[in-house]
Amino acid sequence: MTWVQRLGGREAITAGIVAEFRALSARPHGSGREEAQGAYLLGRLERMGLTPQRDGAGNVTALVPATPGREHRPRLILQGHMDMVCAVRPGSGFDPVRDAPVPVVEGGFLRSDGRSSLGADNNLGNAAVLWLLEQGIPHGPLRLLFTVAEEEGLAGAAQVDPAWLSDAAYLLNTDGFHLGVAVAGSAGGRRETYARPLELCAPRGEEAFLLSIRGGKGGHSGDDIHRGRMNAARELGAALRRLAEALPALEIAHLAAGSAYNAIPAQGEAVVVLPSGRWAGLEAARAGLEEELHRWYGAQEPQIQVTLEPCPLPEQVWQEECTRRCLALMGTLFDGVYAMHPHFPGVVGASANLGRVGVEDGLILVQAFVRCARREEALQLFTQHDQAARNEGFNLHRVHSYPGWPGGGDNPLVEALCRAYRRETGREMTVTAVHVGLEPSVLGEKNPSLHMASTGPDILDAHSVWERAPLDSLPDYAALLAATLDAL
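Letter by letter, the sequence shown follows residues 1 to 488 in the working numbering.
Set out below in structure tokens:
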């Protein structure tokens with residue numbers, strides 16, 4: 001009998017995990033705002049009869065006693081993160097500080113109500129673990145570990161007490177996006193914020209217009225970087241550079257694009273100021289840009305729009321040098337796939353994402369995310385970016401990096417996952433590395449003897465308002481977890 005049958009069938013498994021996911025989604029839980037989520041998890045684990053702990057960073061853990069007769073088995077840590085990237089649809093009114101994502105079941109998918117990203121990354125894996133442990137499956141000693149701020153450079157994992165990891169032999173991370181894939185390594189990353197003071201002056205022009213690029217798919221800057229999607233920050237910067245060349249009197253009063261280091265920008269906007277009577281030329285440039293973006297990206301992103309509308313004349317605009325240097329840096333920073341992985345065919349090895357551009361506390365901020373499997377390529381991109389910033393008068397204002405997880409070698413946890421998946425589904429599991437940062441890279445440094453792997457259900461278009469999870473992957477994922485826990 002398969003574990004799908006033992007757990008009550010596909011419909012029962014799906015309903016149970018979705019119900020658990022709805023409960024986990026019922027409060028805002030963006031990175032840095034996980035307090036309420038952590039409190040919910042403490043209560044949820046207590047209702048399971050456990051004695052959870054929360055550390056000063058907000059990470060939550062609990063020991064789960066082994067099924068009687070299995071106390072001698074090595075301890076397995078089941079680990080996921082509780083925060084989410086809150087992508088928001090423009091004009092939706094969704095406030096990620098105030099509002100929780102609203103899960104909707106529709107057309108065979110679990111998705112949000114369309115106003116925000118879903119947060120299946122990583123709460124769908126967390127939901128599967130919590131539901132599964134309520135079903136009485138046999139297992140050895142376990143530790144549950146839920147971390148904060150994973151989407152901010154694995155910051156929560158970096159603060160986990162090594163004592164929470166010291167007595168375990170295995171760590172299974174539930175942050176995978178692809179059913180049937182066992183991840184045995186991940187990329188290191190560097191979050192870069194380049195800054196220079198914003199200098200303002202009175203406008204020379206008499207008319208102002210809001211130029212917007214909207215409707216891109218966006219997505220995860222690691223998992224989707226090779227898909228050729230529009231980067232709205234990159235395209236907006238290029239468009240403004242061309243406009244400045246064609247209309248030398250153009251001034252910028254506002255520039256904002258993207259939402260996070262690790263999300264491909266789906267929209268961007270700028271307020272431009274021109275002498276009166278330039279509407280026709282500006283509208284022609286808008287129409288040409290929209291046609292160009294549809295030609296390049298329209299097959300996969302048909303909802304891209306470029307809009308132009310009059311707006312009130314601002315009291316101040318950016319000084320010309322600030323505008324020129326910011327737009328130059330937006331075009332010079334590398335964006336996209338830099339190299340493929342040397343050991344895993346089809347896996348990206350190095351990339352960069354221009355994630356966000358805007359103004360904060362009197363500074364122009366240009367933010368990028370570099371991901372690399374190999375140190376050599378990381379140093380090349382770091383050097384290239386730092387030099388480009390210096391050339392334009394920007395300094396490295398903030399930087400946060402984390403190591404890669406090299407994986408490789410014999411891994412009994414990966415082998416157990418592969419056997420379980422074959423037994424439960426009749427299919428072979430793919431073993432690979434991924435071009436994203438995963439918490440095993442940080443947690444493994446605290447206990448180098450851990451055998452680690454990551455796997456998860458299918459999640460599509462994470463970190464975007466199109467994020468969704470096919471429901472038919474949930475029963476097989478639950479069966480994979482159950483069979484692995486039973487076997488270890």
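Even glycine gets a Cβ: it sits at the ideal position worked out from N, Cα and C.
In terms of Cβ geometry, residue 59 and residue 160 form a close pair [threshold 7 Å]. Residue 341 sits in coil when the DSSP states are folded into three classes, being neither helix nor strand. Beta-bridge pairing by DSSP links residue 271 to 210, 254.
Sequence-distant Cβ neighbours of residue 200 in its own chain, meaning closer than 6 Å and more than five residues away, are 316. Residue 150 sits in coil when the DSSP states are folded into three classes, being neither helix nor strand. Residue 449 sits in coil when the DSSP states are folded into three classes, being neither helix nor strand. For residue 185, the enclosing beta strand (DSSP E) stretches over residues 181-186.
In its chain, beyond the 5 residues on either side, 3, 7, 132, 137 have a beta carbon closer than 7 Å to the beta carbon of residue 482. Contact between residue 195 and residue 365 holds, since their C-beta atoms are separated by about 5 Å, short of 8 Å.
Between the region 235-249 and the region 439-453, the count of Cβ pairs shorter than 8 Å is below three; the stretches do not touch. Straight across, the Cα-Cα distance linking residue 452 with residue 352 is about 26 Å.
Bridge pairing for residue 364: 196, 359 [DSSP]. For residue 373, the closest alpha carbon among the candidates 411, 286, 422, 434 is that of 434. DSSP, reduced to helix, strand and coil, places residue 170 within a strand of the structure shown.
Ranked by how close their Cα comes to the Cα of residue 87, the residues 264, 32, 21, 339 have 264 in first place. Under the three-state reduction of DSSP, residue 330 is assigned to helix.
Rounded to whole angstroms, the separation of the alpha carbons of residue 362 and residue 146 is 36 Å. Runs of the beta strand (DSSP E) spanning 3 or more residues and lying entirely within the region 90-134 occur at 103-106, 109-112, in chain order. Fewer than three Cβ pairs drawn from the region 34-47 and the region 108-118 lie within less than 8 Å of each other, which leaves the two stretches out of contact. With respect to residue 189, residue 371 sits close: the two C-beta atoms are nearer than 7 Å. Short of 8 Å from the beta carbon of residue 75, and not among the five residues preceding or following it, lie these beta carbons of its own chain, in chain order: 140, 141, 142, 143, 167, 168, 169, 170. According to DSSP, residue pairing for residue 53 in a beta bridge involves 61. Residue range 305-311 is occupied by the beta strand (DSSP E) that includes residue 311, with no alpha helix (DSSP H) assigned at that position. Residue 231: not part of any alpha helix (DSSP H); DSSP gives it neither H nor E. One alpha carbon belongs to residue 20, the other to residue 211, and they sit about 42 Å apart. The shortest CA-to-CA distance from residue 457 to any of 121, 271, 268 is the one to 121. Rounded to the nearest angstrom, the Cβ distance from residue 215 to residue 303 is 4 Å, consistent with a contact under 8 Å. Looking at the backbone, the Cα of residue 5 and that of residue 418 are separated by about 20 Å. When secondary structure is reduced to three states using DSSP, residue 473 falls in the helix class. In the structure shown, residue 31 falls within a coil segment according to DSSP collapsed to helix, strand and coil. Burial is judged here by how many other beta carbons sit within 10 angstroms of a residue's own beta carbon; residue 101 has at least 16 and is buried.
Going by DSSP, residue 80 is part of the beta strand (DSSP E) stretching over 76-81.
Selection 177, 203, 34 evaluated against residue 98 yields 34 as nearest (Cα-Cα). Counting only runs of 3+ residues, the beta strand (DSSP E) found wholly inside the region 411-450 occupies 430-434, in chain order. A distance below 7 Å separates the beta carbons of residue 454 and residue 175. According to DSSP, residue 318 shares a beta bridge with 200.
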